[in-house]
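In what follows, a structure is listed as structure tokens, so that the remarks can point back to it.
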Amino acid sequence: MSSEGTPEPRISVRREPPRFRPVVVRSVEQLSPRMRRIVLGGPELEGFEVDQPAASVRLLLPPPGEDAIVLPEWDGNQFKLPSGERAPIRTFTPRHLDTERLELTLDIVVHGGGVASEWARSAEHGAEAAVSGPGRGYEVDATASAHLLAGDETAIPAISQLLERLPPETAVQVHLEIVDPRARLELPSHPKAEVAWHELPRGSRPGDALVAAVEAVEEIPGAAWVAGEAASVQRIRKHLFDARGMARSAATVRGYWKMGRSAT
Ligand SMILES: Cc1cc2nc3c(=O)[nH]c(=O)nc-3n(C[C@H](O)[C@H](O)[C@H](O)COP(=O)(O)OP(=O)(O)OC[C@H]3O[C@@H](n4cnc5c(N)ncnc54)[C@H](O)[C@@H]3O)c2cc1C
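The numbers in the sequence shown follow my numbering, run straight up by one, and end at 259.
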């Protein structure tokens, strides 16, 4: 309360995320015309741990037009650069962590319209970045007899990890939406996985093909993991819960990006 007895405006303070660890690009590989594999490395990755599949890391990139990263300050709500601007930070799946070589692999979609996409398209050996995390991943329900995994291209890294982690006796239905047939990638093999790739017809909204694919699934399995464009996965969430009566605890549905909106 202020001295006059009126309540002070509430200032929300969020817990400061883990620190940023400076890294450099150790190698770059073009996995498909739509996806680049960037291996980041450096001594600052000592002690970095990722336990769960489909977890997340924050990738800090250099400010626009610059090559060197500037470590941001946490202002209680977000990371800001000394200039006062928001730091260029995006979220990715830690596809692989090599704790001996101190290397972290990210697979980044080159969609053509964002800071991270552009950075990944042109990143070269030695380019600077920083990573922070990890953020919570997916707790695999090893008791479910069957799984549904559905996502767009941004979910390919997470779905690949889930295929590596799901018990071999679990039936897995995988549905992936791609905007270009050349975006298809070889996924880790799983003895009971059935993988379907759905090409997004020109002029459709992102996620339309994925929504249709999930709606067409005859029998929804006991557990589901879904990620992709936010509005489309919201439609999938609604379908699973309302039309199929799936228990909320049985499905993890995550918006990975928002159509028409930059992530920061
Ligand atoms: C937990 C989590 C894990 C993720 N893992 C991965 C991953 O492993 N690999 C990966 O590539 N992405 C992943 N993403 C998604 C990624 O963070 C977003 O796509 C992010 O917006 C990319 O940043 P950008 O700077 O390229 O584009 P932004 O600056 O954020 O956006 C610029 C414009 O591009 C559009 N846009 C953003 N992403 C896409 C896209 N994929 N396709 C088409 N248009 C797009 C936006 O709508 C906006 O109009 C993940 C997101 C989350 C939350």
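No residue lacks a Cβ here, since even glycine has one placed at the ideal position from N, Cα and C.
Buried/exposed call for residue i, threshold 16 Cβ in 10 Å
i: Thr261; result: Limits of the chain in this structure are -4 at one end and 259 at the other, which puts residue 261 out of reach.
i: Ser85; result: It is worth fixing the name first, because residue 85 is Arg in this sequence and not Ser. It is buried - the Cβ of Arg85 has at least 16 other Cβ atoms within 10 Å.
i: Ser27; result: buried
i: Glu148; result: buried
i: Arg31; result: buried
i: Met(-4); result: Here the model assigns Met(-4) a pLDDT of 39, short of 50, so the residue's position is not dependable, and the following value carries that caveat. So Met(-4) ends up on the exposed side.
i: Leu186; result: Just to set this straight, residue 186 is Pro in the shown sequence, not Leu. The residue is exposed, with fewer than 16 neighbouring Cβ atoms inside 10 Å.
i: Asp102; result: buried
i: Gly261; result: Since the displayed the chain opens at -4 and closes at 259, residue 261 lies outside it and no answer follows.
i: Val228; result: buried
i: His193; result: buried
Rounded C-alpha distance that separates residue i from residue j
i: Ala238; j: Leu180; result: 31 Å
i: Gly255; j: Ser140; result: 38 Å
i: Gln73; j: Val8; result: 9 Å
i: Leu40; j: Ala124; result: 12 Å
i: Ala188; j: Ile33; result: 27 Å
i: Val20; j: Arg14; result: 19 Å
i: Ala245; j: Gly37; result: 38 Å
i: Leu54; j: Arg197; result: 31 Å
i: Val260; j: Val104; result: What the structure shows of the chain is the stretch from -4 to 259, and residue 260 is not part of that stretch, so it cannot be assessed.
i: Pro12; j: Gly128; result: 7 Å
i: Pro89; j: Ala166; result: 25 Å
i: Pro59; j: Glu159; result: 37 Å
i: Ser(-2); j: Leu76; result: The predicted model places Ser(-2) with a pLDDT of 43, which falls under 50 and marks its position as unreliable; any figure quoted below should be read in that light. Roughly 35 Å separates the two Cα atoms.
i: Leu161; j: Pro183; result: 11 Å
i: Ala208; j: Ile154; result: 16 Å
i: Thr100; j: Glu134; result: 21 Å
i: Ala111; j: His234; result: 31 Å
i: Glu24; j: Pro83; result: 23 Å
Enclosing alpha helix (DSSP H) for residue i [first to last residue]
i: Ala225; result: 225 to 233
i: Val206; result: 203 to 210
i: Ile151; result: 151 to 160
i: Arg116; result: 110 to 117
Beta-bridge pairing of residue i - partner residues as DSSP gives them
i: Glu68; result: Lys75
i: Met30; result: Ser27, Val104
i: Pro17; result: Ala125
i: His170; result: Ala145, Ala191
i: Asp93; result: Glu98
i: Gly36; result: Val19, Glu98
i: Ala219; result: Leu143, Ala246
Boundaries of the beta strand (DSSP E) in which residue i is found, first to last residue
i: Phe87; result: 84 to 87
i: Thr259; result: Per DSSP, Thr259 belongs to no beta strand (DSSP E) and is neither H nor E.
i: Ala246; result: 246 to 252
At least three beta-carbon pairs within less than 8 Å, the region 159 to 178 to the region 63 to 79: no
The region 212 to 222 / the region 145 to 160 touching (three or more Cβ pairs under 8 Å): yes
Validate contact between the region 118 to 134 and the region 201 to 208 using beta carbons, cut 8 Å, 3 pairs: no
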